[in-house]
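Undergrad: Residue numbering for the sequence shown follows the numbering used here, starting at 226 and increasing by one per position. Glycine included, every Cβ here is placed at the ideal spot set by N, Cα and C. Just passing along the structure, written as C-alpha coordinates.
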Amino acid sequence: MTPERNNRLNEVLSKRQPSITVVLENVSDPHNISAVMRTCDAIGIQDIYVLNTSIAKHKKWGAKSSSSAAKWLTVHQFTDTQACFESLRKRYSKIYTTHLSSDAVDLYELDLTESVALVFGNEHSGVSEELISLADGNFIIPQVGIIKSLNISVACAVSLYEAFRQKRNAGHYDQPQITGEPLNQLKTEWGFLADD
226 MTPERNNRLN EVLSKRQPSI TVVLENVSDP HNISAVMRTC DAIGIQDIYV LNTSIAKHKK
286 WGAKSSSSAA KWLTVHQFTD TQACFESLRK RYSKIYTTHL SSDAVDLYEL DLTESVALVF
346 GNEHSGVSEE LISLADGNFI IPQVGIIKSL NISVACAVSL YEAFRQKRNA GHYDQPQITG
406 EPLNQLKTEW GFLADD
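Pasting the structure below:
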(Lines of atoms letter the chains of each structure in order from A and count residues from 1; the text may use other names and numbers.)
(Lines give C-alpha, C1' and ligand atoms only; values in the text may rest on other atoms or scores of the structure.)
Protein backbone atom coordinates (compact mmCIF):
# COMPACT_ATOMS: atom_id res chain seq x y z
CA MET A 1 0.00 0.00 0.00
CA THR A 2 1.32 3.42 -0.92
CA PRO A 3 1.64 6.27 1.60
CA GLU A 4 -0.99 8.15 -0.41
CA ARG A 5 -3.40 5.25 -0.03
CA ASN A 6 -2.63 5.11 3.69
CA ASN A 7 -3.43 8.81 4.01
CA ARG A 8 -6.71 8.37 2.14
CA LEU A 9 -7.78 5.49 4.40
CA ASN A 10 -6.75 7.46 7.49
CA GLU A 11 -8.97 10.29 6.32
CA VAL A 12 -11.89 7.89 5.84
CA LEU A 13 -11.39 6.29 9.26
CA SER A 14 -11.29 9.71 10.92
CA LYS A 15 -14.88 10.27 9.74
CA ARG A 16 -16.34 6.87 10.72
CA GLN A 17 -19.36 7.09 13.03
CA PRO A 18 -19.65 4.16 15.45
CA SER A 19 -22.76 5.64 17.10
CA ILE A 20 -25.08 4.82 14.20
CA THR A 21 -25.90 1.61 12.40
CA VAL A 22 -28.39 0.06 10.02
CA VAL A 23 -30.22 -3.23 10.52
CA LEU A 24 -31.63 -5.00 7.46
CA GLU A 25 -34.26 -7.63 8.31
CA ASN A 26 -34.90 -10.38 5.74
CA VAL A 27 -33.94 -8.18 2.80
CA SER A 28 -33.80 -10.70 -0.02
CA ASP A 29 -32.26 -8.75 -2.90
CA PRO A 30 -28.46 -8.61 -2.53
CA HIS A 31 -28.41 -5.54 -4.78
CA ASN A 32 -30.62 -3.66 -2.31
CA ILE A 33 -28.26 -4.64 0.49
CA SER A 34 -25.27 -3.54 -1.54
CA ALA A 35 -26.87 -0.19 -2.34
CA VAL A 36 -27.45 0.30 1.40
CA MET A 37 -23.81 -0.59 2.04
CA ARG A 38 -22.68 2.05 -0.42
CA THR A 39 -24.73 4.70 1.39
CA CYS A 40 -23.41 3.52 4.77
CA ASP A 41 -19.84 3.90 3.57
CA ALA A 42 -20.64 7.31 2.08
CA ILE A 43 -21.81 8.77 5.40
CA GLY A 44 -19.24 6.99 7.56
CA ILE A 45 -21.12 4.04 9.04
CA GLN A 46 -18.71 1.20 9.80
CA ASP A 47 -20.93 -1.55 11.23
CA ILE A 48 -24.13 -2.85 9.69
CA TYR A 49 -26.37 -5.70 10.79
CA VAL A 50 -28.05 -8.21 8.49
CA LEU A 51 -30.77 -10.29 10.15
CA ASN A 52 -32.14 -13.25 8.20
CA THR A 53 -34.78 -15.22 10.06
CA SER A 54 -36.96 -16.26 7.13
CA ILE A 55 -34.49 -16.33 4.25
CA ALA A 56 -31.12 -18.01 3.77
CA LYS A 57 -27.97 -16.33 5.04
CA HIS A 58 -26.38 -14.19 2.33
CA LYS A 59 -23.10 -15.46 0.91
CA LYS A 60 -22.27 -12.44 -1.21
CA TRP A 61 -23.51 -8.97 -2.11
CA GLY A 62 -24.15 -7.33 -5.49
CA ALA A 63 -20.69 -5.99 -6.35
CA LYS A 64 -21.89 -3.53 -9.00
CA SER A 65 -24.40 -1.81 -6.74
CA SER A 66 -22.03 -1.64 -3.77
CA SER A 67 -18.92 -0.51 -5.68
CA SER A 68 -17.07 -2.86 -3.29
CA ALA A 69 -18.36 -1.02 -0.21
CA ALA A 70 -18.72 -4.34 1.63
CA LYS A 71 -14.92 -4.62 1.71
CA TRP A 72 -14.72 -1.52 3.92
CA LEU A 73 -17.63 -2.30 6.25
CA THR A 74 -18.00 -4.63 9.21
CA VAL A 75 -21.05 -6.77 8.46
CA HIS A 76 -22.69 -8.63 11.35
CA GLN A 77 -24.99 -11.42 10.15
CA PHE A 78 -27.59 -13.00 12.43
CA THR A 79 -30.24 -15.68 12.02
CA ASP A 80 -31.80 -15.13 15.47
CA THR A 81 -33.69 -11.93 16.35
CA GLN A 82 -32.97 -12.06 20.08
CA ALA A 83 -29.23 -12.56 19.53
CA CYS A 84 -29.18 -9.66 17.08
CA PHE A 85 -30.98 -7.37 19.53
CA GLU A 86 -28.73 -8.36 22.40
CA SER A 87 -25.75 -7.34 20.29
CA LEU A 88 -27.42 -4.06 19.28
CA ARG A 89 -28.38 -3.17 22.87
CA LYS A 90 -24.74 -3.45 23.94
CA ARG A 91 -23.75 -0.72 21.48
CA TYR A 92 -26.75 1.51 20.73
CA SER A 93 -29.05 3.34 23.14
CA LYS A 94 -32.05 3.58 20.78
CA ILE A 95 -33.45 1.24 18.13
CA TYR A 96 -36.05 2.55 15.69
CA THR A 97 -37.94 0.66 13.00
CA THR A 98 -39.34 2.02 9.77
CA HIS A 99 -42.98 1.17 10.25
CA LEU A 100 -46.21 2.97 9.41
CA SER A 101 -48.18 2.95 12.66
CA SER A 102 -50.28 5.33 14.72
CA ASP A 103 -47.36 6.01 17.05
CA ALA A 104 -44.74 6.46 14.31
CA VAL A 105 -42.84 9.75 14.36
CA ASP A 106 -41.55 11.74 11.44
CA LEU A 107 -37.94 10.96 10.51
CA TYR A 108 -37.09 14.63 11.00
CA GLU A 109 -38.26 14.49 14.63
CA LEU A 110 -35.68 11.83 15.57
CA ASP A 111 -32.50 12.82 17.35
CA LEU A 112 -29.97 11.02 15.18
CA THR A 113 -27.00 12.49 17.03
CA GLU A 114 -27.52 9.94 19.80
CA SER A 115 -26.40 6.32 19.64
CA VAL A 116 -28.99 4.78 17.34
CA ALA A 117 -29.81 1.75 15.18
CA LEU A 118 -32.25 2.16 12.30
CA VAL A 119 -34.10 -0.98 11.22
CA PHE A 120 -35.37 -1.52 7.69
CA GLY A 121 -37.59 -4.46 6.77
CA ASN A 122 -37.89 -6.62 3.74
CA GLU A 123 -39.08 -5.41 0.35
CA HIS A 124 -42.60 -6.87 0.60
CA SER A 125 -43.75 -7.15 4.21
CA GLY A 126 -41.57 -4.59 5.98
CA VAL A 127 -40.29 -4.99 9.53
CA SER A 128 -41.63 -8.03 11.43
CA GLU A 129 -43.97 -7.67 14.40
CA GLU A 130 -41.38 -9.36 16.63
CA LEU A 131 -38.77 -6.77 15.77
CA ILE A 132 -41.23 -3.88 16.14
CA SER A 133 -42.10 -5.10 19.64
CA LEU A 134 -38.42 -5.07 20.66
CA ALA A 135 -37.66 -1.58 19.30
CA ASP A 136 -37.89 1.77 21.09
CA GLY A 137 -40.20 3.27 18.49
CA ASN A 138 -41.18 3.58 14.86
CA PHE A 139 -40.52 6.29 12.32
CA ILE A 140 -41.79 7.18 8.87
CA ILE A 141 -40.33 9.16 6.01
CA PRO A 142 -42.87 11.90 5.16
CA GLN A 143 -44.36 11.57 1.68
CA VAL A 144 -47.11 13.32 -0.25
CA GLY A 145 -47.48 11.01 -3.26
CA ILE A 146 -50.04 8.31 -4.00
CA ILE A 147 -47.60 5.44 -3.42
CA LYS A 148 -46.76 5.53 0.29
CA SER A 149 -43.52 3.60 0.17
CA LEU A 150 -39.96 3.86 -1.10
CA ASN A 151 -37.51 1.23 -2.28
CA ILE A 152 -35.56 0.06 0.76
CA SER A 153 -32.23 1.39 -0.51
CA VAL A 154 -33.82 4.79 -1.20
CA ALA A 155 -35.55 4.87 2.21
CA CYS A 156 -32.26 4.01 3.85
CA ALA A 157 -30.39 6.71 1.92
CA VAL A 158 -32.95 9.38 2.83
CA SER A 159 -32.78 8.40 6.51
CA LEU A 160 -29.00 8.18 6.65
CA TYR A 161 -28.46 11.53 4.99
CA GLU A 162 -30.71 13.10 7.62
CA ALA A 163 -28.46 11.44 10.20
CA PHE A 164 -25.43 12.79 8.33
CA ARG A 165 -26.91 16.30 8.39
CA GLN A 166 -27.63 16.18 12.12
CA LYS A 167 -24.29 14.60 13.04
CA ARG A 168 -22.30 17.03 10.90
CA ASN A 169 -24.13 20.01 12.44
CA ALA A 170 -23.33 18.56 15.89
CA GLY A 171 -19.62 18.33 15.03
CA HIS A 172 -19.40 14.52 15.01
CA TYR A 173 -17.24 14.57 11.87
CA ASP A 174 -14.81 17.14 13.25
CA GLN A 175 -12.79 14.68 15.30
CA PRO A 176 -12.23 10.90 15.09
CA GLN A 177 -14.94 8.82 16.76
CA ILE A 178 -13.11 5.49 16.52
CA THR A 179 -9.91 5.32 18.57
CA GLY A 180 -7.69 2.85 20.42
CA GLU A 181 -7.96 -0.88 19.78
CA PRO A 182 -11.06 -0.70 17.52
CA LEU A 183 -9.14 1.71 15.28
CA ASN A 184 -6.04 -0.48 15.27
CA GLN A 185 -8.14 -3.52 14.39
CA LEU A 186 -9.70 -1.74 11.42
CA LYS A 187 -6.28 -0.58 10.25
CA THR A 188 -5.07 -4.17 10.31
CA GLU A 189 -8.15 -5.37 8.40
CA TRP A 190 -7.73 -2.60 5.84
CA GLY A 191 -4.03 -3.40 5.28
CA PHE A 192 -2.40 -0.25 6.60
CA LEU A 193 1.35 0.17 6.47
CA ALA A 194 2.92 -1.03 9.73
CA ASP A 195 4.36 2.30 10.89
CA ASP A 196 1.33 4.48 10.21
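#1: Are at least three pairs of beta-carbons, each pair with one atom in the region 380–395 and one in the region 271–279, less than 8 Å apart?
#2: Buried or exposed: which applies to Gln242, given that a residue is buried once 16 or more other Cβ atoms fall within 10 Å of its Cβ?
#3: Just mark Ser326 as buried or exposed, buried being the case when its beta carbon has 16 or more other beta carbons within 10 Å.
#4: What would DSSP say about Gly351, mapped onto helix, strand or coil?
#5: Would you kindly work out how many angstroms separate the C-alpha atoms of Tyr321 and Asn363, rounded to a whole number?
#6: From the DSSP output, which residues share a beta bridge with Glu250?
#7: Do three or more CB pairs link the region 230–240 to the region 339–359 at distances below 8 Å?
#8: Identify which residue in Gly405, Ile245, Ser384 has its Cα closest to the Cα of Leu313.
TA: This is what the structure holds:
#1: no
#2: buried
#3: exposed
#4: strand
#5: 5 Å
#6: DSSP, once it has assigned bridges, lists Leu276 as partnering Glu250.
#7: no
#8: Ile245
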